[in-house]
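Chemist: Structure provided below as structure tokens; questions to follow.
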Amino acid sequence: LVDDLKNLDPNNPGQWPLPVQLVVFVVLFLAILFAGWKFDINDLRSNIATLVIKEQDLKQKYEDKAKKAANLNALKDQMKEMEQSFGDMIRQLPNKTEVDALIVDISQEGLSAGLEFDLFKPRGDVSSEFYIETPIDITVRGNYHQLGEFVSGIAALPRIVTTHNITVNKADD
């Protein structure tokens, strides 16, 4: 058999015995199939893997946007409420002409609570993005309940008034 293979003429494969022709055909077919798989199908597989990852990413983005879209009406309603609340607060801020009346109202609240004013000194205006702040230095004398009534009275005023840097000291007898 080995001698028969040595006697084969490579220039004339048509004269080879049929089993040898079939073996050579199968080997060539498998070699071409392997080369096609190695060079073409492998590239396609890597492309498919990349596309699968991209598909998963796009699905996740879609789900995130779908959740946001589902809550869109609720968020719009919340935004309207916040805008209305903001507008209401802006309207509660005193304008330039109302500041003097507000200072008188603060003074009246202290007097009606029974406090004695040692100092009541408005300072210069401090500008902020949405409003102008008018700090007032106040020193009063009275008991704890009178101070609480004063702060409560200020909080009940129709305009926005905030209290900062409060110091309470025991009075010298």
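So the mapping is simple: our numbering equals the position in the sequence shown, first residue as 1, plus 607.
A virtual CB, placed ideally from N, CA and C, is assigned to each residue, including glycine.
1) Would you give the residue range spanned by the beta strand (DSSP E) that residue 723 belongs to?
2) Under the three-state reduction of DSSP, which class applies to residue 766: helix, strand or coil?
3) Count the other C-beta atoms from every protein chain shown that fall within 10 angstroms of the C-beta of residue 660, then say buried if there are 16 or more, exposed otherwise.
4) Alpha carbon to alpha carbon, what distance is there between residue 643 and residue 634?
5) Have a look at residue 743 and residue 758 and give me their C-alpha separation to the nearest angstrom.
6) Give me whichever residues DSSP pairs with residue 748 in a beta bridge.
7) Counting C-beta neighbours from all protein chains within 10 Å, is the total for residue 755 16 or more, i.e. buried, or is it exposed?
8) Just verifying my parser: in three-state terms, what is the DSSP assignment at residue 740?
9) With 16 other CB atoms within 10 Å as the buried threshold, where does residue 677 fall?
10) Give me whichever residues DSSP pairs with residue 734 in a beta bridge.
11) Are the CB atoms of residue 761 and residue 716 within a distance shorter than 8 Å?
12) Quick one: measure Cβ to Cβ for residue 700 and residue 738, integer angstroms, because I've assumed they're closer than 8 Å.
13) Could you tell me if residue 631 is buried or exposed, where buried requires 16 or more neighbouring beta carbons within 10 angstroms of its beta carbon?
Modeler: Looking at the atomic coordinates:
1) Looking at the DSSP string, the run of the beta strand (DSSP E) that includes residue 723 is 723-729.
2) Three-state DSSP puts residue 766 in coil, outside helix and strand.
3) Under this definition residue 660 is an exposed residue.
4) Looking at the two C-alpha atoms, the distance is approximately 14 Å.
5) If you draw a straight line from the Cα of residue 743 to the Cα of residue 758, it is about 14 Å long.
6) Its beta-bridge partners are 723.
7) Counting of Cβ neighbours within 10 angstroms places residue 755 among the exposed residues, the total staying below 16.
8) If DSSP states are grouped into helix, strand and coil, residue 740 belongs with the strands.
9) Burial call: exposed.
10) BP columns for residue 734 point to 739.
11) The Cβ atoms of residue 716 and residue 761 lie closer than 8 Å to each other.
12) 5 Å between Cβ atoms; contact.
13) Sixteen is the threshold: since fewer than 16 other Cβ atoms of the shown chains lie within 10 Å of the Cβ of residue 631, the residue is exposed.
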